[in-house]
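Here's the structure we're looking at; comments come further down.
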Amino acid sequence: MNFIEQIIEEDIQNRKNDGRVQTRFPPEPNGYLHIGHAKSICLNFGVAQKYGGKTNLRFDDTNPVKEDTEYVDSIREDIKWLGFQWAAEYYASDYFDQLYLWAEQLIQDGLAYVDDQTQEEISKGRGVPTAPGTESPYRNRSVEENLDLFRRMKAGEFPDGSRVLRAKIDMASPNMHFRDPIMYRILHAEHHRTGNKWCIYPMYDFAHGQSDSIEGITHSICTLEFEVHRPLYDWFCEALHIHHPQQIEFARLNLNYTIMSKRKLLQLVKENYVRGWDDPRMPTICGLRRRGYTPAAIRNFAETVGVAKRDNIIDVSLLEFCAREDLNKTAIRTMAVLDPVKLIIDNYPEDQVEMMDAVNNPEDESAGTRKIPFAKELWIERADFRENADKKFYRLSIDREVRLKYAYIIKCTHIVKDENGEITEIHCTYDPLTKSGMPDSNRKVKATIHWVPVKHSKAAEVRLFDRLFSVPDPDNCEEGQTFLDNLNPNSLEIKQAWVEEGLTYEKASTIKHFQFERIGYFYCDPDSSEEKLVFNKTVSLKQ
RNA sequence: UGAGCUAUGGUGUAAUGGUAGCACUACAGAUUUUGGUUCUGCCUGUGUAGGUUCGAGUCCUGCUAGCUCAACCA
5 MNFIEQIIEE
15 DIQNRKNDGR
25 VQTRFPPEPN
35 GYLHIGHAKS
45 ICLNFGVAQK
55 YGGKTNLRFD
65 DTNPVKEDTE
75 YVDSIREDIK
85 WLGFQWAAEY
95 YASDYFDQLY
105 LWAEQLIQDG
115 LAYVDDQTQE
125 EISKGRGVPT
135 APGTESPYRN
145 RSVEENLDLF
155 RRMKAGEFPD
165 GSRVLRAKID
175 MASPNMHFRD
185 PIMYRILHAE
195 HHRTGNKWCI
205 YPMYDFAHGQ
215 SDSIEGITHS
225 ICTLEFEVHR
235 PLYDWFCEAL
245 HIHHPQQIEF
255 ARLNLNYTIM
265 SKRKLLQLVK
275 ENYVRGWDDP
285 RMPTICGLRR
295 RGYTPAAIRN
305 FAETVGVAKR
315 DNIIDVSLLE
325 FCAREDLNKT
335 AIRTMAVLDP
345 VKLIIDNYPE
355 DQVEMMDAVN
365 NPEDESAGTR
375 KIPFAKELWI
385 ERADFRENAD
395 KKFYRLSIDR
405 EVRLKYAYII
415 KCTHIVKDEN
425 GEITEIHCTY
435 DPLTKSGMPD
445 SNRKVKATIH
455 WVPVKHSKAA
465 EVRLFDRLFS
475 VPDPDNCEEG
485 QTFLDNLNPN
495 SLEIKQAWVE
505 EGLTYEKAST
515 IKHFQFERIG
525 YFYCDPDSSE
535 EKLVFNKTVS
545 LKQ
């Protein structure tokens, strides 16, 4: 049980909010969701589920110049894909009328004023954390004048930036957010939902808590950087005499070898360092989806990393573990050769083709079996043969035996090289009595390798991904450099592979997740077609 | 240098004054027609100095380190 659940359980016990639990996930629709958001989604929906409450999806759309419906759609899709359903879908912009009324109320109560200072003057007047600020010369206007000015701001009489509405709190507060925070700014911009109805827009601090309040949120869970905003959150709820949700902060997720900043992720997309928001190397939810991560794997990851208040950097190996753990149980096995070299069985009949029995998933008997063709000439992995093999290497070498999975035990006799010294053919003999299922096949051999028949396999494109950045903390760079200098130049490698001929487009695109035996987990990319199969490596098997 | 927050193995996270546990990682072994899976074993930890207490990771004080805050962003 994490500290947030502890707080909630205490609140339930004390009958706070009549024992009700309600949370919300409040993204700003200005970017795609990433694995860090997934943690927050799992937390917010998770605790509500656990305590019989509900969770709203609320788009925090108070800044029309940054927000867009494209992002709204992707956010909805990603949350659903993760396996969560919100009780209601709201927008902070739904509350603009109410927020406006509340602003007038605070003016009436002498708790807000219109400031005519320039942005620079306001910034200067705020002072610095170590020294108090100074009060605005407009701070003590009459209620009537403030009301008149604020209404004219709303009516569009003033240009952008000419005036703001500020809460009258304390210019000497050690908390910078208490030094008369801005509640409303003038922005003659079209909003993705309210169009041109408004030319003044509320700031986060004057919108978020009130939105929570209107919806009856009981526990408003957010990340640590909002901790210093909490006194303000509380102040507005008190000043307005409205339902007062409890803001609770937790440490956001950080993953090594990647970045989580929306701004930087956007830059990677805009400047074509990746192929889009859903590039499988991106830590976005759509990127992970295209990479082949499953919702269950991500949910389990979110559960495993835990929830606390200290800064953390999670090792990507944990994410990878979660993917393997889920995929191992569910992924259909198939054989694919990514780096082929020809294996010729000299004593195997020239045109013979035998159908062998193969298991679809050793972890799940209900996945059944399939027949695969076997023939004299096969593709095997180049790495499964080594000319100078030491004791630690127990696959194929001259005079050594291995088992061809689901087929025969073979012994390498000799190899053929081209003029560059590169191996072009590996020759071997097979023992007909060692066919899988026969008594002699139980003979101990050190290794079993996968294969695909040269004449009975099909080509496929395989995309191998490495970490997007070559250092654990990409933001930590030397002077004069940026996170872009830490990009891994080899994060994408495209291979032409041979896969089982039975792996049709139909099969690949419906089953989607596969384990290429002895290699890793692969996902059928949406770029696939009847003509060409494309697979993304989700994660390799543990080495 | 003002305010707030945080310090537990390599990485995360528990222990709510009473045996420092779990997961990942690393390593070792067993099993295995995937060098996968499964199983077993194993290494490494309470930032620091005091104090309270029969007993402190936990409470108190000082120190140190890290993070956050000075957008008309969220």
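Numbering (my numbering), first residue to last: 5 to 547.
Virtual Cβ for every residue (Gly too), placed ideally from N, Cα, C.
Note that the structure is a prediction, hence the values are computed from the model and not measured.
Taking C-alpha atoms, which residue in E534, S474, E504 lies nearest to R285?
Its Cα nearest to that of R285, the residue S474 stands out among E534, S474, E504.
Whole-angstrom distance between P530 and K462, CA atom to CA atom
Roughly 18 Å between the two C-alpha positions.
Using the C-alpha atoms, what's the distance from K511 back to M180?
Cα to Cα, M180 sits roughly 59 Å from K511.
Buried or exposed for H418, going by 16 or more other Cβ atoms inside 10 Å?
By the neighbour-count criterion, in which 16 or more other beta carbons inside 10 Å mark a residue as buried, H418 falls on the exposed side.
Contact set for A211: own chain, Cβ-Cβ below 8 Å, skip 5 residues either direction
Excluding positions up to five away in sequence, the list reads D64, T66, A96, Y99, L103.
Mind the definition here: the stretch 271-282 touches the stretch 218-236 only if three or more C-beta pairs lie below 8 Å; say whether that holds.
No: fewer than three Cβ pairs fall under 8 Å.
Would a C-beta distance cut-off of 8 Å place A327 and Y297 closer than the cut-off?
In contact: A327 and Y297 (Cβ atoms closer than 8 Å).
Pair within 8 Å by beta-carbon distance, S495 and I523:
Not closer than 8 Å, so no.
Taking only the alpha-carbon atoms, compute the straight-line gap between M241 and F154 and give it to the nearest angstrom.
The sequence shown places Cys at residue 241, not Met. The alpha-carbon of C241 is positioned some 21 Å away from that of F154.
Leaving out five residues before and five after V76 in sequence, what residues of the same chain have Cβ atoms less than 7 Å from its Cβ?
Cβ within range, chain order: P33, F63.
In three-state terms, what does DSSP make of N304?
The answer is helix: DSSP assigns N304 an H, G or I state.
C432 versus D368 - alpha carbon distance
Spanning the alpha carbons of C432 and D368 requires a straight line of approximately 34 Å.
Compute the minimum distance between the beta carbon of C432 and the heavy atoms of the ligand SAM, and state whether it is under 7 Å.
In the structure on display, the ligand SAM does not appear, and there are no ligands present to speak of.
State buried or exposed for A92, treating a residue as buried only when at least 16 other CB atoms are found within 10 Å of its CB.
By the C-beta density criterion, A92 is exposed, having fewer than 16 other C-beta atoms within 10 angstroms.
Select from A387, L491, K450 the residue whose C-alpha is nearest the C-alpha of D470.
When C-alpha distances from D470 are compared across A387, L491, K450, the shortest belongs to L491.
Need the endpoints of the alpha helix (DSSP H) that D77 sits in, please.
From DSSP, the alpha helix (DSSP H) with D77 extends over 73-86.
Through-space distance from F389 to S4, alpha-carbon basis
Given a span of 5 to 547 for the chain in the structure shown, any question on residue 4 remains unanswerable.
Per DSSP, the bridge partner or partners of S544:
Beta-bridge pairing links S544 to G524.
Which residue marks the beginning of the alpha helix (DSSP H) containing F63, and which one marks its end?
Bounds of any alpha helix (DSSP H) do not take in F63; it lies within the beta strand (DSSP E) bounded by 58-63.
Straight-line gap, C416 to H460 (C-alpha atoms, nearest Å):
Using only the alpha carbons, I get a separation of about 22 Å.
Mind checking G57: buried by the 16 CB within 10 Å criterion, or exposed?
Label assigned to G57: buried.
Given that a residue counts as buried once 16 or more other Cβ atoms are within 10 Å of its Cβ, and exposed if not, what is Q519?
Classification for Q519: buried.
To the nearest angstrom, how far is it from the Cα of T198 to the Cα of L191?
When the Cα atoms are used, T198 and L191 turn out to be separated by approximately 13 Å.
Closest Cα partner of K448 within the set V456, T288, V406, L272:
Relative to the Cα of K448, the nearest Cα in the group V456, T288, V406, L272 belongs to V406.
Local conformation of C432 per DSSP, three classes
Judged by DSSP in its simplified three-state form, C432 adopts strand.
Taking the alpha-carbon positions, what's the I515 to N365 distance?
Near 13 Å, if we compare the C-alpha coordinates of N365 and I515.
Can you tell me the Cα-Cα spacing of F526 and E324, whole angstroms?
Roughly 13 Å separates the two Cα atoms.
Mind checking which residues open and close the beta strand (DSSP E) that includes L236?
Not the beta strand (DSSP E): L236 falls in the alpha helix (DSSP H), residues 234-244.
Can you tell me whether P249 is buried or exposed? The criterion is at least 16 other CB atoms within 10 Å of its CB, across all chains shown.
It is buried - the Cβ of P249 has at least 16 other Cβ atoms within 10 Å.
Give every residue of the same chain whose Cβ lies closer than 8 Å to the Cβ of Q109, excluding the five residues on either side of it in the sequence, and list them in chain order.
Excluding positions up to five away in sequence, the list reads L244.
Any idea if D22 is buried or exposed, counting beta-carbon neighbours within 10 angstroms, 16 or more meaning buried?
By the 10 Å Cβ count, D22 comes out exposed.
DSSP three-state call for C481: helix, strand or coil?
Reduced to three states, the DSSP call for C481 is coil.
Determine, using beta carbons only, whether L61 and I83 come nearer to each other than 8 Å.
Taking 8 Å as the cut-off, the Cβ atoms of L61 and I83 count as close.
Short Cβ contact (8 Å threshold) for R170 with A116:
Between R170 and A116, the CB-CB gap stays under 8 Å.
Answer with buried or exposed for E385, where buried requires no fewer than 16 other C-beta atoms within 10 angstroms of its C-beta.
Result: buried.
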